[in-house]
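K.L.:
Dumping the structure here so I can ask a few things about it.
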Amino acid sequence: MEVKVSAGGRIVIPKEIRDRLRIKEGDRILLEVRNREIILKPCIDNPVNELYGSIPVKPEDSPKKVAREWVRRRLEKLDL
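Structure (structure tokens):
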């Protein structure tokens, strides 16, 4: 998708993409440069805060099982 750079180097992330990734006003975006490419990713300010309480954990649940469930839910949230 092509976007135009405006004054001050600003670009607009199209609404279709913002909706798909659930990016809203005030969210922070991680910007990376790799081999002359610009990569934008939604930021997770503190992964612990994002995880806390999101998955009910029983004492018998292994950390691996909990991590897999978190990844599954995160990918579902990002619609991937």
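Residue numbers (my numbering): 13 to 92.
Backbone N, C-alpha and C fix where the C-beta goes; we use that ideal spot for every residue, glycine too.
All figures in this text were calculated on a predicted structure; none of them were measured in a lab.
1) Helix, strand or coil: which one does DSSP assign to ARG80?
2) Would ILE23 and ILE35 be called neighbours here (beta carbons separated by less than 8 Å)?
3) Using three-state DSSP, classify LEU33 as helix, strand or coil.
4) According to DSSP, simplified to helix, strand and coil, what is PRO26?
5) Looking at the structure shown, is LYS53 part of a helix, part of a strand, or coil, going by DSSP?
P.N.:
According to the structure shown:
1) Residue numbering aside, residue 80 sits at position 68 when the sequence shown is read from its first letter. In the structure shown, ARG80 sits in a helix (DSSP, three-state: H, G or I).
2) Numbered from 1 along the sequence shown, position 11 holds the residue referred to as residue 23. Numbered from 1 along the sequence shown, position 23 holds the residue referred to as residue 35. In this structure, ILE35 does not lie closer than 8 Å to ILE23 by Cβ.
3) Mapped onto the sequence shown, residue 33 falls at position 21. DSSP places LEU33 in helix when its eight states are reduced to three.
4) Counted from its first residue, the sequence shown places residue 26 at position 14. Reduced to three states, the DSSP call for PRO26 is coil.
5) Counting from one through the sequence shown, the residue named residue 53 turns up at place 41. For LYS53, the secondary structure class from DSSP, reduced to helix, strand or coil, is strand.
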